[in-house]
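The sequence shown begins at 90 in my numbering and counts up by one. Below is one structure, written out as structure tokens; the observations come after it.
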Amino acid sequence: MSADRKKRKVAVMLSGGGAKGAYEVGALKALRKHKVEPEIYCGTSVGSFNCAMAVSGRMLEEMEDVWVSLTHSRVFKLRFDFKQLLTFDPRPPLRFALESAKILGGILNDSIRTGMSWWQLIDLDSILVDTSPLADLIRKNVVLDALQRNDKEICIALTRLKPVDSDPLVFVRKKQISHDHIPASCSLPLIFP
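Pasting the structure below:
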């Protein structure tokens, strides 16, 4: 093997796509089987979560366990049971309509006050889904101290929607990564924050 080739670092780039996270762990296991050890991890969305777990010292078998035991309730919870609207009792649909009107009124008020478009202010995750289970899953499986002490490099990508005049594409490297960056990378605008 040439000296140049020995100096090269092996990098993996893990994409987004929810369930692809389990596939990515399988791909990392296949690399290990062939004695390929990544030194640089880059990821976005679910790939950022896998990268952060790997660089923070999680064994691939531990990462696999995360995916094998994963259910939607460990990622998000619906804030409102829409089956409650299917009733002859008028109170639940009325409560939902009043809450929705209050939230939309606040969004329109903020839009007028700040001069921003309503779609830039809308925050459906606070209305429809609670993503605190995802934050808990990340905190449980990504050890930031270990991630920052590790010799491996990591970079995660995310999109910043606010402020509107800033560059929307953001790359966060090892020393800056926090538990907040990973769910931000996993964002589904207007649904997940």
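For every residue, glycine included, the Cβ atom is placed at its ideal position computed from N, Cα and C. From a predicted model like this one, the values you see are computed outputs, not experimental measurements.
For the structure I just gave you, are there three or more beta carbon pairs, one from the segment 121-140 and one from the segment 185-196, closer than 8 Å? no
Nearest to H161 by alpha carbon, out of V259, H268, S221 and D240? S221
To which residues of the same chain is E128 closer than 8 Å at the C-beta, ignoring the five residues directly before and after it? K98, V99, A100, D240, K241 and E242
Hey, quick one: how far does the beta strand (DSSP E) through M102 stretch, first residue to last? A100 to L103
Which one or two residues does DSSP pair with E188 in a beta bridge? DSSP lists no partner for E188.
Need the endpoints of the beta strand (DSSP E) that R121 sits in, please. Run containing R121: none in the beta strand (DSSP E); it sits in the alpha helix (DSSP H), K109 to K122.
Considering only the alpha carbon of each residue, which of P257, T248 and D256 lies closest to G105? T248
Cβ-Cβ separation, V135 to G115 (assumed contact under 8 Å), whole Å: Going by Cβ atoms, the distance from G115 to V135 rounds to 13 Å, so no, they are not a contact pair.
Determine the closest residue to A111 out of E151, V144 and K96, with distance taken between C-alpha atoms. E151
On the DSSP letters alone, give me the boundaries of the alpha helix (DSSP H) that E150 sits inside. L149 to V157
Using a 10 Å radius around the Cβ and a threshold of 16 neighbouring Cβ atoms, would you call T203 buried or exposed? exposed
Closest by CA to M102, which one among A224, D178 and A246? A246
Can you have a look at S145 and say buried or exposed, based on whether 16 or more other CB atoms are within 10 angstroms of its CB? buried
Looking only at DSSP bridge pairs, what is D219 linked to? K166
Starting from the Cα of R271, find the closest Cα among K118, T176, L223 and R168 and give me that residue. Note that residue 271 corresponds to Ile in the displayed sequence, not to Arg. I271 has its Cα closest to that of L223, out of K118, T176, L223 and R168.
Neighbour-count burial assignment, T176, 16 or more Cβ in a 10 Å radius: exposed
Straight-line gap, C275 to L167 (C-alpha atoms, nearest Å): 17 Å
For Y130 and C244, what's the separation of their Cα atoms in angstroms? 6 Å
Let's test the definition: count the other Cβ atoms within 10 Å of the Cβ of V218 and tell me whether it reaches 16, buried, or not, exposed. buried
Between the alpha carbons of H123 and F185, how many angstroms are there, rounded? 55 Å
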